[in-house]
Every structure is written in structure tokens, then in C-alpha cells.
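J.: In my numbering, each residue carries its 1-based index in the sequence shown increased by 20.
Cβ coordinates follow ideal geometry from the N, Cα and C atoms, glycine included.
Below: one structure in C-alpha cells.
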Amino acid sequence: QVQLAESGGGLVQPGGALRLSCAASGSTQSIYLMGWYRQAPGKQLEPVASITLLGTTNYADSVKGRFTISSDNPKKTVYLQMNSLKPEDTAVYYCNVKNSARQLLANWGQGTQVTVSS
């Protein structure tokens with residue numbers, strides 16, 4: 021089993037920036053893809069961005085051009101640089117990892133709260 025530790029959330033004004041980090045530990049040898057997800061109040065969990073071991077990235081349309089996902093493969097850590105934050109980005113952000121069959125490898129953690137407000 022893989023364990024995940026997310027950090028980096030907080031309160032930021034519109035237009036501001038935050039950087040989230042997520043470190044994976046445990047049975048990490050099967051990890052192929054690392055991704056960020058978010059859940060806003062009253063809404064369903066949605067994918068935000070992902071990156072494969074080969075460096076292929078994918079972004080939700082709502083964050084393209086503002087968010088950047090990156091990873092440190094040896095450290096099994098994934099980052100999410102969030103710029104030009106908007107109030108609608110307010111959510112609990114979670115990371116998770118998948119194998120090459122796109123199966124989740126970890127239980128969902130507590131996530132990290134991101135609040136964008138003036």
C-alpha cells in the first residue's frame with residue numbers, strides 16, 4: 021500500500037499563488053502516475069492535474085495556464101504550483117497515485133485546504 025502526505029494549502033487572496041506538495045511512501049514501485057484532485061463545498065471530487073513517470077502532463081481546462089504540475093521521481097513527490105488563483109479554486113486538494121492500469125494505489129487522505137478569498 022502507498023501512503024500519501026499532502027501539504028502546502030492555506031488562505032490566499034485572488035491572484036495569489038500557492039504550492040502544494042505530496043510525498044508518497046510505502047509500496048511506491050508500482051506508481052506510474054501522480055495526480056491532484058479537488059473537492060469544493062457541495063461539489064464532487066474532480067481531477068485537477070496529473071503527471072506520469074515519463075513526464076506527460078494533463079490539466080483540467082479550468083486550471084490550464086495557471087497551474088503547473090511537476091514531480092521528483094526519485095523522491096516520489098509531486099508538486100502543484102498554483103498561480104493566478106481564483107475564488108472558484110477554493111477546495112480541499114488531494115493527491116493520489118495510479119499504476120499503469122490507471123488503478124488507484126492509495127486511500128484518500130485528509131487533503132489540504134486551499135481558500136482563495138479577499
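Cutting at 7 Å between CB atoms, please list the residues of its own chain near P67, excluding the five before and the five after it.
T.: Locating residue 67 in the sequence shown gives position 47, where the first residue counts as 1. Cβ neighbours of P67 beyond the five flanking positions: G55, Y57 and A80.
J.: So, are the CB atoms of A126 and L40 less than 8 Å apart?
T.: The residue labelled residue 126 in the question sits at position 106 within the sequence shown. The residue labelled residue 40 in the question sits at position 20 within the sequence shown. No, these two residues do not count as a Cβ contact at 8 Å.
J.: Just list the residues that DSSP pairs G55 with in beta bridges.
T.: Residue 55 sits at position 35 when you count from the first residue of the sequence shown. DSSP output for G55 lists S70 and N116 as bridge partner(s).
J.: Go ahead and pull the three-state DSSP assignment for T76.
T.: Position 56 of the sequence shown, counting from 1, holds the residue named residue 76. Of the three classes helix, strand and coil, the one that applies to T76 here is coil, per DSSP.
J.: Can you tell me which of the three DSSP states Q21 falls into?
T.: The sequence position of residue 21 within the sequence shown is 1, counting from 1. Three-state result, Q21: coil.
J.: Just to confirm before moving on: does the CB-CB distance between T97 and V136 stay below 8 Å?
T.: Here the question's residue 97 lines up with position 77 in the sequence shown. Here the question's residue 136 lines up with position 116 in the sequence shown. For T97 and V136, no; Cβs fall outside 8 Å.
J.: Just to confirm, are V22 and V112 a CB contact at a threshold of 8 Å?
T.: Residue 22 sits at position 2 when you count from the first residue of the sequence shown. Residue 112 sits at position 92 when you count from the first residue of the sequence shown. Not closer than 8 Å, so no.
J.: Taking buried to mean at least 16 other C-beta atoms within 10 Å of its own C-beta, is A69 buried or exposed?
T.: One-based indexing of the sequence shown puts residue 69 at position 49. Under this definition A69 is a buried residue.
J.: Is the beta carbon of M102 closer than 8 Å to that of A44?
T.: Locating residue 44 in the sequence shown gives position 24, where the first residue counts as 1. Locating residue 102 in the sequence shown gives position 82, where the first residue counts as 1. Result no, Cβ atoms of A44 and M102 do not sit closer than 8 Å.
J.: Output the distance between the C-alpha atoms of L53 and S138, rounded to the nearest integer angstrom.
T.: Here residue 53 refers to the residue found at position 33 when the sequence shown is read from its first residue. Here residue 138 refers to the residue found at position 118 when the sequence shown is read from its first residue. One C-alpha to the other measures close to 34 Å.
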